[in-house]
Amino acid sequence: MIRRQARERRQYIYAKSLEAQERQTYERKQQIKDALASGKSLPTELRKNAKDLGRDLAFDDAQTDAMIVSHFPHGPTLYFTLHNVALRHDLDSYKNTTVSEQYPHLIFDNFSSKLGERIQDALKYLFPVPKEDSKRVMTFSNEDDFISFRHHVFVKIPPKQIQLAEVGPRFEMKPYEIRQGTIEQTEAEREWVLAHYSRTAKKRSILTGPPPRPGASTHQEDSREPAKKRARR
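Now the structure itself:
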């Protein structure tokens with residue numbers, strides 16, 4: 000027990016040191032960018048590492064435009080295009096927030112068709128079951144077949160208020176293909192492929208299906224079972 004606690008303490012300290020180092024590197028790169036844009040000379044403390052940091056600036060300007068989710072060992076594999084990507088470093092709250100290591104609560108909104116439920120399940124089971132007191136939440140909200148992803152932490156303020164803080168990243172994702180195998184199985188059967196030239200409104204709403212009946216709700220809470228219940232089955 001003591002060894003386990005010592006190991007977990009070392010892992011926690013190491014993870015925090017990496018986070019601090021990553022933040023420091025990012026801030027140095029931003030200072031170099033600002034100096035190059037304004038034509039000013041580099042700060043003295045950056046001149047020694049400017050060459051190495053400047054070599055990576057071109058890669059930092061690239062925009063992430065795709066994401067693949069593959070469940071091992073049997074699949075499925077889902078392919079998404081990404082839009083409006085904002086990484087943690089791009090958010091205004093970056094310096095004032097830290098990434099929680101708690102397992103997150105999940106919120107899924109507007110996944111009412113069979114395809115929507117299939118994608119919801121594939122995303123839902125990427126995450127372990129959270130504890131009830133977890134203060135971390137991830138939201139997948141569908142609107143016009145674009146899934147908006149948001150990542151927040153929250154605190155409860157008595158008597159009944161909740162304050163949210165976005166920790167990032169954030170992006171919109173649109174599915175375009177599902178394969179039944181894993182990512183390396185190029186011969187795996189295609190379960191679904193987006194039809195690019197569909198013009199009817201019914202076909203465009205692939206994740207919601209037909210319009211819901213008046214008064215019906217498409218909001219779905221996280222339905223993952225606790226680990227103890229799953230173990231007894």
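Residue numbers (numbering that gives the first Met the number 0): 0 to 232.
Glycine is no exception: its CB is placed at the ideal position from the N, C-alpha and C atoms.
Remember, predicted model here, so these are calculated numbers, not experimental data.
inquiry  = Taking its Cβ as the centre, do 16 or more other Cβ atoms sit within 10 Å of residue 75, making it buried, or is it exposed?
reply    = buried
Enclosing beta strand (DSSP E) for residue 163 [first to last residue] = Residue 163 -> beta strand (DSSP E) spans 160–165.
key: beta strand (DSSP E) runs contained entirely in the stretch 79–120, provided each spans 3 or more residues   = 104–108
query = Where does the unbroken beta strand (DSSP E) through residue 187 begin, and where does it stop?
reply = Run containing residue 187: none; DSSP gives neither H nor E here.
ask   = Does the pairing of the stretch 74–90 with the stretch 155–167 give three or more beta-carbon distances under 8 Å?
value = yes
Beta-carbon separation (whole angstroms), residue 134 vs residue 153, contact threshold 8 Å = 6 Å
ask   = Should the stretch 103–117 be called in touch with the stretch 136–149, which here means at least 3 C-beta pairs below 8 Å?
value = yes
ask   = Would DSSP call residue 124 helix, strand or coil?
value = coil
query = Who pairs with residue 147 in a beta bridge, going by DSSP?
reply = 140, 171
query = In or out: residue 239 buried (at least 16 other Cβ within 10 Å) or exposed?
reply = With the chain running from 0 to 232 in the structure shown, residue 239 is simply not present.
inquiry  = Spatial neighbours of residue 129 within its chain, please: C-beta separation below 7 Å, excluding the five flanking residues on both sides.
reply    = 101, 102, 103, 104
ask   = Taking residue 79 as the reference, which of 112, 122, 109 has the closest Cα?
value = 122
inquiry  = As a quick exercise: from 1, 178, 28, 206, pick the residue whose alpha carbon is nearest that of residue 71.
reply    = 178
ask   = Nearest to residue 118 by alpha carbon, out of 12, 33, 67?
value = Comparing Cα-Cα distances from residue 118 to each of 12, 33, 67, the minimum goes to 67.
task = Would you tell me roughly how many angstroms separate the C-alpha atoms of residue 185 and residue 173, rounded to the nearest one?
result = 21 Å
inquiry  = Which residues does DSSP list as the beta-bridge partners of residue 155?
reply    = 161
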